[in-house]
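*Asks:* As given, the protein sequences belong to chains U and D, one line each in that order.
Following the numbering used here, the numbering of the first sequence begins with 2 at its first residue and continues without gaps.
Following the numbering used here, the numbering of the second sequence begins with 2 at its first residue and continues without gaps.
Virtual Cβ for every residue (Gly too), placed ideally from N, Cα, C.
Bear in mind the structure is a predicted one, so any value in this text is a computation, not a measurement.
2 protein chains.
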Amino acid sequence: MTQPPIPPAFILVRPQMGENIGAAARAMLNFGLDRMRIVDPRDGWPNPKANAMASGAGRVLDAAGIFPDVPRAVADCDYVFATTARPRELVKPVVTPERALQMTREMGAAGKRVGILFGPERAGLENDDVALANAIITVPVNPDFPSLNLGQCALLVAYEWGRQQSDVAPEVMALARTDFASREEVEKLGDHFEERLEAAGFFFPPTKAAGMRLNLRNMWARLNLTRAEVQTFHGMLRQIAYKLRQGGE
Amino acid sequence: MTQPPIPPAFILVRPQMGENIGAAARAMLNFGLDRMRIVDPRDGWPNPKANAMASGAGRVLDAAGIFPDVPRAVADCDYVFATTARPRELVKPVVTPERALQMTREMGAAGKRVGILFGPERAGLENDDVALANAIITVPVNPDFPSLNLGQCALLVAYEWGRQQSDVAPEVMALARTDFASREEVEKLGDHFEERLEAAGFFFPPTKAAGMRLNLRNMWARLNLTRAEVQTFHGMLRQIAYKLRQGGE
Numbered sequence: 002m003t004q005p006p007i008p009p010a011f012i013l014v015r016p017q018m019g020e021n022i023g024a025a026a027r028a029m030l031n032f033g034l035d036r037m038r039i040v041d042p043r044d045g046w047p048n049p050k051a052n053a054m055a056s057g058a059g060r061v062l063d064a065a066g067i068f069p070d071v072p073r074a075v076a077d078c079d080y081v082f083a084t085t086a087r088p089r090e091l092v093k094p095v096v097t098p099e100r101a102l103q104m105t106r107e108m109g110a111a112g113k114r115v116g117i118l119f120g121p122e123r124a125g126l127e128n129d130d131v132a133l134a135n136a137i138i139t140v141p142v143n144p145d146f147p148s149l150n151l152g153q154c155a156l157l158v159a160y161e162w163g164r165q166q167s168d169v170a171p172e173v174m175a176l177a178r179t180d181f182a183s184r185e186e187v188e189k190l191g192d193h194f195e196e197r198l199e200a201a202g203f204f205f206p207p208t209k210a211a212g213m214r215l216n217l218r219n220m221w222a223r224l225n226l227t228r229a230e231v232q233t234f235h236g237m238l239r240q241i242a243y244k245l246r247q248g249g250e
Numbered sequence: 002m003t004q005p006p007i008p009p010a011f012i013l014v015r016p017q018m019g020e021n022i023g024a025a026a027r028a029m030l031n032f033g034l035d036r037m038r039i040v041d042p043r044d045g046w047p048n049p050k051a052n053a054m055a056s057g058a059g060r061v062l063d064a065a066g067i068f069p070d071v072p073r074a075v076a077d078c079d080y081v082f083a084t085t086a087r088p089r090e091l092v093k094p095v096v097t098p099e100r101a102l103q104m105t106r107e108m109g110a111a112g113k114r115v116g117i118l119f120g121p122e123r124a125g126l127e128n129d130d131v132a133l134a135n136a137i138i139t140v141p142v143n144p145d146f147p148s149l150n151l152g153q154c155a156l157l158v159a160y161e162w163g164r165q166q167s168d169v170a171p172e173v174m175a176l177a178r179t180d181f182a183s184r185e186e187v188e189k190l191g192d193h194f195e196e197r198l199e200a201a202g203f204f205f206p207p208t209k210a211a212g213m214r215l216n217l218r219n220m221w222a223r224l225n226l227t228r229a230e231v232q233t234f235h236g237m238l239r240q241i242a243y244k245l246r247q248g249g250e
C-alpha cells in the first residue's frame, strides 16, 4: 500500500575536482542512490577523472543531468535543501542530516521530489544558491575542527538516507545466519552433563540438588550455543569420561 | 551526576597508506574524537603523508599509540568492535554503526573503555583480529555496490558518535537566532492590510467578509514572518497606497 519514497537527487553545484564528483557518485551508490545532477562543472563534462574515481559507480555519472545554473537544476524539485557549514543571514530552517533525510523520506513517500545542493569544494554554496533552497542542512561537526569535503558531506547525507531506509535491525544483523542449536539439542546437552555430574557426585548436598540443576539448565539456555558448540561440549564431556574410565587423572 | 562517556579509541590495524591514516584522524576530530591507536603501520611511523593529509588534525596523530600487534593494542579495552564488511564464520553479534555507538556510549558512561578496530585498506581485518572482538560492526551498504574505504568507514563511525552525542536539536537548529516578529507586530500588520483592503472593497460579498478576514489572519500567523519582513510588508502596502493616491495605475 505504501509506495517506496522517491529518493533525493544530489545536485553538485559548480564542482571543481573530477575526483570529488566521482567520490560523490560512489558515496551515493553505496547507499542505493543514483540520481545525480551537476551544475556548471569547472572542468566541463564528461570528466575522465570523475569516471576514474567513480569506478563501479560510473553509471551514476553516465546518467547525471548537466545544468547551466541552479534554478534550472532544481526546477522540477518540490523541496530543496542546501548543505552548508557557514551560518547565513537568510531566514531558513537549519536541520541536521538526520532530520533532513526524515523529511526527504516523508516527502518522497508523498510523491514529492527533493533535491539536495552540495557546494563547490573551496567556497561552498553562494547566498544566491542558498536562497533557492527551502532549508539548510548543516552537519553538526566539532566547532573547533569542521573539515568536511564535498565527498565526505555527500557520504554522510547518503548514509543517513541508507540508515533510515534500511530494514536491517540495528540490534543484531547477522545472528540469524548462525546455526543455533535447537531447544531440544540444548536440553539433551543438559541431560548429558547432568548424568555425568550425577555419577560424579556433583549434586551435593541433596537438599541443594534441585537448585543446582535449575541453575545449570538456566546457564545452558542463556549461552545461546550453536549446533557446533553443542557437539563440542558433548565431545569434551565424552572424552573426559573416557579418560577417567582409563584411569587417567 | 552523569559523567560524560569515555569516547572510543579508533584502532587502525596494519594501515597501508599514510593518506588514509590522516583522513581517519580528520574524520575523528570532526566529531570530537582524538584517541587513535595504530597497529604495525606498513610504512613505519611517523608517516609524513599521514601528517600532510591530517592537516589540522595532526595532534590526533601525534598522540596516537603505536602497537606491534592487535592483542597489545586492545589490552586495556573492556569491549572491542571489529569493523568488517565480509560475513564471518565466527559467531558474533553483528551490529550497525548506530547500535554500536549506542553501546559505546552506554559502556563509556559506565566507565568502560571501548576500542574499534579498522582493517587495512585492501584486505580488511583478518579472522585472528576479528576473533579478539566482542562484536562486529557492519555498515549496511548497498549489497550491489559496497565500497567504503578506511577513511570513509572511520568517518561514518565517528559521525554516529557525534550524532548521538550531539545536544543539537535535529529539528531546527538555527531558527532561534532569527528575529521573528512578535505576535503584536503580526497583528498590526494584519490590521494594516485589513484597513487597506476594506477601503478597496476587497471584503465582498458582506456575508463572506468574516471568513475572508479569518483566513487572512491565519495566513499571517502561519507565515512566521521576521520583524524585517513585517516592515517590508508595511512598506509595500504604504507605497502602493501612495501610488494610488497619486493617481498612478
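(1) Which term fits residue 243(D), buried or exposed, when burial requires 16 or more other beta carbons within 10 angstroms of its beta carbon?
(2) According to DSSP, what are the bridge partners of residue 160(D)?
(3) Within 10 angstroms of the Cβ of residue 259(D), are there 16 or more other Cβ atoms? Answer buried if so, exposed if not.
(4) Can you name, in chain order, every residue of its own chain whose Cβ lies under 8 Å from the Cβ of residue 49(U), other than the five neighbours on each side?
(5) Taking any Cβ of chain D, which residues in the region 51–68 of chain U have a Cβ under 9 Å from it, in chain order?
(6) How many angstroms separate the CA atom of residue 130(U) from the CA atom of residue 44(U)?
(7) Mind pulling the chain D residues with CB within less than 9 Å of residue 33(U)?
(8) For chain U, find out if any of its Cβ atoms is closer than 9 Å to the Cβ of residue 30(D); answer yes or no.
(9) Under DSSP, the beta strand (DSSP E) around residue 10(U) begins and ends at which residues?
(10) So, using beta-carbon positions, are residue 156(D) and residue 12(D) closer together than 9 Å?
(11) I'd like the ranges of any alpha helix (DSSP H) spanning at least 4 consecutive residues and lying wholly in the region 70–157 of chain D.
(12) What are the residues that DSSP puts in a beta bridge with residue 66(U)?
(13) For residue 227(D), list the residues DSSP reports as bridge partners.
(14) Decide if residue 100(D) is buried, meaning its Cβ has at least 16 other Cβ atoms within 10 Å, or exposed.
(15) Using CA atoms only, rank isn't needed, just tell me which of 96(D), 79(D), 127(D) is closest to residue 108(D).
(16) Is it a yes or a no for the region 60–75 of chain U touching the region 178–197 of chain D, going by three-plus beta-carbon pairs under 8 Å?
(17) Report yes if the C-beta distance between residue 37(U) and residue 26(U) is below 9 Å; otherwise report no.
(18) Could you check how far apart the C-beta atoms of residue 149(D) and residue 142(D) are, in whole angstroms? I think they sit under 8 Å.
(19) Residues in its own chain within less than 7 Å of residue 116(D) by CB, not counting five upstream and five downstream?
(20) Please go through the same chain and pick out, in chain order, the residues whose beta-carbon is closer than 6 Å to the beta-carbon of residue 181(U), but skip the five residues on each side of it.
(21) Within 9 Å of any Cβ in chain D, is that where the Cβ of residue 80(U) sits?
(22) Would you mind telling me which residues of chain D sit closer than 8 Å to residue 157(U), beta carbon to beta carbon, in chain order?
(23) Can you name, in chain order, every residue of its own chain whose Cβ lies under 6 Å from the Cβ of residue 240(D), other than the five neighbours on each side?
(24) Tell me whether residue 55(D) is buried or exposed, calling it buried when 16 or more other Cβ atoms sit within 10 Å of its Cβ.
(25) Looking at the structure shown, is residue 210(U) part of a helix, part of a strand, or coil, going by DSSP?
(26) Nearest-angstrom Cα distance between residue 40(U) and residue 127(U)?
(27) Just how far apart, CA to CA, sit residue 211(U) and residue 199(U)?
(28) Run through DSSP, which three-state label would residue 46(D) get?
(29) Can you find a C-beta in chain D that's less than 9 Å from the C-beta of residue 163(U)?
(30) The alpha helix (DSSP H) spanning residue 19(U) covers which residue range?
(31) Residues of chain D with a CB under 8 Å from the CB of residue 149(U): which are they?
(32) Pick out whichever of 73(U), 94(U), 84(U) has its Cα sitting closest to the Cα of residue 121(U).
(33) Using only the alpha-carbon positions, how far apart do residue 230(D) and residue 125(U) sit?
(34) Quick one: list the residues of chain D neighbouring residue 153(U), beta-carbon separation under 7 Å, in chain order.
(35) Give me the chain U residues within the contact set of residue 27(D), using Cβ-Cβ distance strictly less than 7 Å, ordered along the chain.
*Replies:* With the given structure in hand:
(1) exposed
(2) DSSP, once it has assigned bridges, lists no residue as partnering residue 160(D).
(3) Nothing can be reported for residue 259(D), as the shown portion of chain D is limited to 2 through 250.
(4) 19
(5) 56, 57, 58
(6) 20 Å
(7) 142, 143, 145, 146
(8) yes
(9) 10–14
(10) no
(11) 71–74, 98–110, 128–132
(12) 38(U)
(13) 181(D)
(14) buried
(15) 79(D)
(16) no
(17) yes
(18) 6 Å
(19) 9, 10, 12, 75, 78, 81
(20) 227
(21) no
(22) 156, 157, 160
(23) none
(24) buried
(25) helix
(26) 13 Å
(27) 12 Å
(28) coil
(29) yes
(30) 19–31
(31) 31
(32) 84(U)
(33) 27 Å
(34) 156
(35) 148
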